[in-house]
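Line by line, the protein sequences give chains A and B. When we follow numbering that gives the first Met the number 0, the leftmost residue of the first sequence carries the number 0, and every step to the right adds one. When we follow numbering that gives the first Met the number 0, the leftmost residue of the second sequence carries the number 0, and every step to the right adds one. Glycine included, C-beta positions come from ideal geometry on N, C-alpha and C. To keep things clear, I will list the structure first and then write my remarks on it.
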Amino acid sequence: MNSIIIEARDIVTAFGDMLIHDHINCSIRKNEIYALLGGSGSGKSTLLREMILLQHPKSGTLKVLGIDLNTITPLEAQNLRRQWGVLFQSGALYSSLTVGENIAMLYHEYTDLPPKLINELVGIKIDLVGLPPHARFLYPSELSGGMVKRAALARALALDPKLLFLDEPTSGLDPLSSRQFDTLIAQLRDLLGLTVVMVTHDLDTIHHIIDRFALLGEKKVIAEGTLNEVLQYNHPIIDYFFQRGSYGIKD
Amino acid sequence: MQSSSTAHLEIINEHSHTLLQCSGMWTLPYLSTVAYQLETLNPESSVIWDVSHISEIDSAGIALWQLYHRAFEHKGLESKLIGANPDHDKLYRLLYSHTYEPEQPPKTHSWLYVLGHETHQNILGIGTFLAFLGEAFVLLVYTLLHPTQIRYRSIVAHIFATGATALPIIALSAFLIGVVVAYQSIVQLQKFGADIFIVDMIGISLTRELAPLITAIVVAGRSGSAFTAQIGAMKMTQEIDAMKTMGFDPFTFLVWPRVIALMIVMPLLIFFADIIGIFGGMVIAQAQSHLSFSEFVHRLQGALPIKHYIIGVVKGPFFAFLIAIVSTYRGFQVSMNTESIGYYTTKSVVNSIFLVIACDAIFSVLLTELKL
């Protein structure tokens, strides 16, 4: 299965005079865990936001699930949004609703399933991400950082999306929780056939679960491929990012 | 077999068991009809689920099966599954890895408990407000003993924000109040041919009561809500904690500049509202009973003793203090969720308008008793 799920061609993004992306290309294949890497301000989150229709590039084409985002109609956009789940960095749970209501809301809006089944589904999603059952009655303000991430993941998985976007899923988590989160993501990818796109800084995540990634820097994609492929290249940013040679730990 | 673009459930009643023939796409968008079919199904014998013809299944499909599987077993019926393929099995194992027990929602309390709890909270609230007030005054005394710590820049900035920029809306409100009072009273006064007393009416009611009250209400809605929202947002972004760790006291930096600025501004705004309000009355007096502006002003000099004007203006700092202290206090109560900003901003405006009116009532009673 090598069909391409997301394809970015010649993406140019600029905020005013500040150029963020200078003709960026990358492609994400089905069923892989793909990461957008790069230092702070390298525009990886911006690229992610462009993929999920929160921002528009200045030029270039971006295709998600075969649909060109430049010529997308509002109806297609609405359909597309139902096929992906997004986990925001800070969780972005609706603070006026409990965790359970945050998840159930999607079922109420997009399906006409009976309340009993919605209740069951909310229960298994909460269980799936490793939250205790009573968490569904808590408000986001009553959750710890790790629980917020898990609850947000449960919400992102509510409609059984084929595509999952994660913005720094492990930031702010302790190392053990981070690894558990990684394992969970990998497990979900295998069992639910997900394609996962994430922005991350976590080197352990990169080593353990990422299949392929794009390293952004100097407004370009410096390298794209698997970890071993990328480490073949010689580039100061690659050395810096993976702390090779004079930058620290040996590889 | 039926078309596979939707979920199907065929119920076959055999003498020893009920066969549920499942087929098609058991995925989220298609499940509702099947779910209602299962809800109305009332099997009397053991149930066999044949899932071999399911073309696609997701977590909702598994959950639906599991829900009714449990329900049938709960009724004491046997529920068996045949034809499951390894993919179904893997998904099931992922979703139901633990023995899943539906959690009961926390109990809701009786109205009596809620009433008691709320009352208790409100009484405690008075305590925390008094503590806030006390701390504020301790720091005021400290700041006054160390005048270099007074935030003059901040005070001036707040004077501009709460005073100068409020002039248009105050002008408009005061003018309209002048117009309304003049219009209503002139009709009544004309019945007695006492048109000229419109001057007394306008002069005394506006300067003594209406202008201070209208100004305070506009300021509470405009600046009081802004104070709560500003401080609340700072609390949410941990700016207040940052200030504390740097030794910048929030009372000296945030509370007193706002309170002092508003106390300076309010009498000025009331004076401004007096003038505009009387002008509004003058316009109506001329239009309705041909009382010229010069006659009006001439009459006003005799009809309006200075004490009414002074009483009106003196109320200003009191109202300002109440509005500013309540709205900053509410700002500090904002907690880490986005909803609480809206909640406490509403509370701050409601509380400060109520306090202003209560304070005005006290003034009214006191001054009347003092024969002023």
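Query                                                                                                                   : Result
B/ILE197 classed as buried or exposed, judged by whether at least 16 other C-beta atoms fall within 10 angstroms        : buried
Chain B contacts made by the stretch 182-195 of chain A, where a contact means CB separation under 9 Å                  : GLN186, LEU187, ASP189, LEU190 and LEU191
Residue-chain proximity (B/GLN65, chain A), Cβ-Cβ < 9 Å                                                                 : yes
Residues that DSSP places opposite A/GLU141 in a beta bridge                                                            : In DSSP, A/GLU141 forms no bridge with anything.
Where B/THR214 falls, given that 16 or more other Cβ within 10 Å makes a residue buried                                 : buried
Within chain B, partners of A/ILE123 - CB distance below 9 Å                                                            : SER58, ILE61, ALA62, GLN65, LEU94, TYR95 and TYR99
When B/HIS7, B/GLU9, B/ILE275 and B/ASP199 are compared against B/GLY301, the one with the closest alpha-carbon         : B/ASP199
Limits of the beta strand (DSSP E) - the one that A/VAL198 falls within                                                 : 194-198
Whether A/ALA34 touches A/VAL198 by CB criterion (9 Å)                                                                  : yes
Selected residue, minimal CA-CA separation from B/ALA395, among B/GLU208, B/ARG207, B/VAL254 and B/ALA210               : Chain B is shown only over 0 to 371; residue 395 of chain B falls outside these bounds and no answer can be derived.
Own chain partners of B/TRP25 with C-beta closer than 6 Å, once the 5 adjacent residues on each side are dropped        : ALA6, ILE53, ILE56 and GLY60
Any chain A beta carbon closer than 9 Å to B/TYR35                                                                      : yes
Simplified DSSP state of A/TYR33, which is helix, strand or coil                                                        : strand
Span separating the alpha-carbon of B/ARG69 from that of B/ASN84                                                        : 20 Å
Contact between the stretch 149-159 of chain A and the stretch 124-134 of chain A (3+ Cβ pairs under 8 Å)               : yes
Cross-chain neighbours of B/LYS89 in chain A, by beta carbon under 7 Å                                                  : LEU190
Buried/exposed call for A/LYS249, threshold 16 Cβ in 10 Å                                                               : Here the model assigns A/LYS249 a pLDDT of 46, short of 50, so the residue's position is not dependable, and the following value carries that caveat. So A/LYS249 ends up on the exposed side.
Close-in-space but distant-in-sequence residues of the same chain around B/TYR308 (CB under 6 Å, 5 per side omitted)    : THR206
Completely contained alpha helix (DSSP H) runs for the stretch 201-246 of chain B, where each covers 4 or more residues : 210-218, 224-235 and 238-244
Anticipated Cβ contact below 8 Å, A/ILE208 with A/ALA222, distance rounded                                              : That pair is no contact at about 19 Å.
Assigned secondary structure, B/SER58 (DSSP; H/G/I helix, E/B strand, else coil)                                        : helix
Where B/ALA260 falls, given that 16 or more other Cβ within 10 Å makes a residue buried                                 : buried
Distance between B/PHE136 and B/ILE216 (C-alpha atoms, nearest Å)                                                       : 25 Å
Partner residues on chain A for B/LEU27, Cβ-Cβ distance less than 7 Å                                                   : THR110, LEU158 and ASP159
Through-space distance from B/VAL364 to B/VAL355, alpha-carbon basis                                                    : 14 Å
Neighbour list for A/LEU230 in chain B, Cβ cutoff strictly below 8 Å                                                    : Result: empty, since nearest Cβ-Cβ is about 33 Å, beyond 8 Å.
Nearest neighbour of A/GLY99, chosen from A/ARG149, A/ARG80 and A/PHE240 [CA to CA]                                     : A/ARG149
Close beta carbons around A/SER176, own chain, < 6 Å, minus the five adjacent residues each side                        : GLY145
DSSP state of B/THR344 mapped onto helix, strand, coil                                                                  : helix
Rounded C-alpha distance that separates B/LEU420 from B/ALA181                                                          : Any answer about residue 420 of chain B is impossible in this case: the structure gives chain B only from 0 up to 371.
3 or more residues per run - each beta strand (DSSP E) lying fully within the stretch 15-98 of chain B                  : 16-25, 45-56 and 78-81
Cβ contact check for the stretch 314-327 of chain B and the stretch 272-288 of chain B: 3 or more pairs under 8 Å       : no
Close-in-space but distant-in-sequence residues of the same chain around A/LEU214 (CB under 8 Å, 5 per side omitted)    : LEU36, GLY37, VAL220, ILE221, ALA222, GLU223, VAL229, ILE236, ILE237 and PHE240
CB contact check: A/GLN242 to chain B, cutoff 9 Å                                                                       : no
Unbroken alpha helix (DSSP H) run spanning A/LYS43, endpoints                                                           : 43-50
Assigned secondary structure, B/MET0 (DSSP; H/G/I helix, E/B strand, else coil)                                         : In this prediction, B/MET0 scores a pLDDT of 42, lower than 50, which makes its location untrustworthy; no coordinate-derived value is stated.
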